[in-house]
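So that you can map any letter, position 461 of the sequence shown is 461 in the UniProt record's numbering, and since no number is skipped, the others follow by simple counting. Where is the CB? At the ideal position from N, CA and C, for every residue including glycine. This one's a predicted model, so the numbers in the text were calculated from it and none came from an experiment. To keep things clear, I will list the structure first and then write my remarks on it.
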Amino acid sequence: MKQLWILSLCSVMILSCQEKSTKNLKKTVWEDFVEAKKNGTTPILPDFSYSGYKYSEVPLPKVTYKVFNVKDFGAIPDDTISDKDAINKTIEAAKKNGEGIVYFPKGKYYINSGNDDNSIITINASKIVFRGEDQSNTILFFDRDLPPAHPKKLWTCPFAIKVTTKEKDEVITKITGDSKRETFAITVSDASRIKKGDWLIIEVKNNCKDLIEYDIAPLEPPKEWTAILKDGVQVNERHQVASVKGNTITLASPIHYDIQAKHNWVIKRFAHVDHVGFENLTFQGNWTKDFVHHRSAQDDGGWSILSINKAVDSWVNNCSFINVNRVLSFSSSASCTALNIIIDGKIGHAAVHSAGSTGVLLAKINDKAGMHHTTGVGGGSNTGTVIWRSKHPAHTCFEAHASQPRTTLFDNVEGGFFQGRAGGARFNLPNHGRHLVLWNYKETDSAETNFRFIATETWWWRIVPPIIVGFHGSGTTFKEDEVQILESLGTPVKPESLFEEQLKLRLGKLPKWLDDIND
């Protein structure tokens, strides 16, 4: 297999002390990963196998919580009168019970219609599942758009449904020892308030020069990149505790960033909800215009549907989104999964993304509409997202919305591939940091020659040199000094799926639920 292992001289100087040199390596990047796992060394590739609900070791659950039928609380499908109040009452009944299924029989349920106020539907408790009787015929219809919180700020339209918690994160200790990425143990000054099963945020915010260089080399930040230059590198990985011994904490999943204690890392308690789900539903907006980016708040977010914030082990499964502006956002969350999602109707602003989260799996997302930003990652220091076996049309490309997303895998993604759809304000650049991995990406738009990840003709496309393996479809080539690793350009590789093979290597076999999906 012909390989190109490419780093600029600056990148070599910066990265040589961070991770294994690849310049003279004859094995493939996958072979390097297998060998590193065997020998306990640091692999070139991140370990993405822990992404998803319960680290993707088990299927999404079919919970048997007590059922609360929205019709019993006043919802009347198909009558064009708002059912928002009835839905809120149903949620409250489920919360009072300690858990519950908010059940929607077949029909069309109206939300934000008539004289409804502009309030959103909020779920701020664990173990609440929205379940429809039938995906195609159980419709939540959002009649009116919701206006922006600040009229001049187009991005401030709220999501119509939001999952979150009332609790706050809190700093509980400081990190006192260094830890390598893709390892599990961290050393803190005082672990007395931490126990097995706790969820933590491993956080740093520091603008020292050496950390910025480590984070984005070989990119050199211009003065306009004020977020990273002034506020600094920001990392906030979310992990569950596997064990505590003295002041050493062992995590259930590996960290993806080299920790140097000198940069003043802290540990926060991660306030969250868990086991919140959405199943077998169609979410339909009333967006019927031709989309124009940043023309209006309505274009950018008038029908923003579902926000899952500060959640763990939660999911969206077998759901459709039609005629909406923003589909689904996971933010400040961990170990969540979106599976079998269809996006259809008019083109809107954004598809499914993960922002400020750790270990989110976006699986089998079919963006038929072709949103302006299709499935991808946002900012807020997002880490370990896997976009797996997903599709989008040739006229769009993935989101990489700046504000420091890192360690993202696009695995067997099929669709357009070009500059211009990543997103992000100039002061928040670069669009993506270390360890963007494109694995067997199939391009369906026109080929480009010497495709650039560090554009010079525009300010808005800057990506730390990625790892590209098995990129194929249209015949695109890449500017070689802007790619960290390039293998098998034009031809798919084995293993076909990096996510599946890493999971198989970790568990000894592929979980049955993944085998079933692939069949």
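How far does the alpha helix (DSSP H) with L507 in it extend, from its first residue to its last? 498-507
Using a Cβ-Cβ cut-off of 6 Å (strictly less than) and excluding sequence neighbours within five positions of S253, which residues of its own chain qualify? Y50, H239
Is the separation between the beta-carbon of R144 and that of N97 shorter than 8 Å? no
I need the DSSP call for K23, collapsed to helix, strand or coil. Confidence in K23 is poor, its pLDDT being 43 and thus under 50, which makes the residue's placement too unreliable to answer from.
Could you tell me whether the segment 278-296 touches the segment 311-320, using the rule of 3 or more Cβ pairs below 8 Å? yes
Contact set for I139: own chain, Cβ-Cβ below 6 Å, skip 5 residues either direction: K108, T282, Q284
Within the chosen definition, does the segment 502-516 reach the segment 474-482 through at least 3 CB pairs nearer than 8 Å? no
Could you tell me which whole beta strand (DSSP E) segments of length 3 or greater appear in the segment 161-206? 161-163, 170-174, 185-187, 199-206
Whole angstroms is fine: what's the gap from N325's alpha carbon to G348's? 4 Å
Which residue marks the beginning of the alpha helix (DSSP H) containing residue 591, and which one marks its end? There is simply no residue 591 to check, as the chain begins at 1 and stops at 519 in what is shown.
Go through its chain and collect everything with a Cβ distance to H150's Cβ below 7 Å, but skip five positions before and after it. T156
Nearest residue (CA-CA) to D169, options I161, K180, A160, D198: D198
Give a yes or no on whether 8 Å exceeds the smallest Cβ distance from L503 to chain C. Looking for chain C here will not work: only one protein chain is present.
Can you name the residues that DSSP bridges to I44? Answer is none; I44 lacks a bridge partner.
Just to confirm, are K310 and H272 a CB contact at a threshold of 8 Å? yes
Going along the chain, which residues of its own chain have a beta-carbon closer than 6 Å to the beta-carbon of W513, five neighbours each way excluded? P59
DSSP-derived helix/strand/coil call for T226: If DSSP states are grouped into helix, strand and coil, T226 belongs with the helices.
By the 10 Å Cβ neighbour count, where 16 or more other Cβ atoms means buried, how is T166 classified, buried or exposed? Sequence inspection shows Lys at residue 166; the Thr mentioned does not correspond to that position. That one is exposed.
Verify whether the separation of the beta carbon atoms of S314 and H275 is less than 8 Å. yes
Bridge-paired residues (DSSP) for T337: Paired residue(s): W315, L361.
Give me the DSSP bridge partner(s) of F451. In DSSP, F451 forms a bridge with F478.
In this structure, how does DSSP classify A149 when only helix, strand and coil are distinguished? Coil at A149, not helix or strand.
With H, G and I counted as helix, E and B as strand and the rest as coil, what does DSSP make of W513? helix
I'd like the span of the beta strand (DSSP E) that includes R234, first residue to last. Sequence check: residue 234 is Gln here, not Arg. Element bounds for Q234: 233-245.
Within 10 angstroms of its Cβ, does G424 collect 16 or more other Cβ (buried), or is it exposed? G424 should be labelled buried.
If you reduce the DSSP assignment to three classes, tell me which class W388 lands in. Strand, per DSSP.
Cα-Cα separation, D117 to N428: About 34 Å.
Of all the options G370, A217, W287, A338, which has the alpha carbon lying nearest to the alpha carbon of I308? Residue A338 is the option with its Cα nearest to I308.
For E443, write down the residues that DSSP places opposite it in a beta bridge. G415
Option nearest G490 by Cα separation, candidates G378, L409, W439: W439
Which residues in the same chain as P148 place their Cβ atom closer than 6 Å to its Cβ, once the five residues preceding and following it in sequence are excluded? T156, C157, A297
How would you write the range of the beta strand (DSSP E) that N69 sits in, first residue to last? Segment 67-69, the beta strand (DSSP E) holding N69.
Contact set for F104: own chain, Cβ-Cβ below 6 Å, skip 5 residues either direction: Cβ within range, chain order: V70, G132, T138.
Under the rule that 16 or more other beta-carbon atoms within 10 Å means buried, what is R389, buried or exposed? buried
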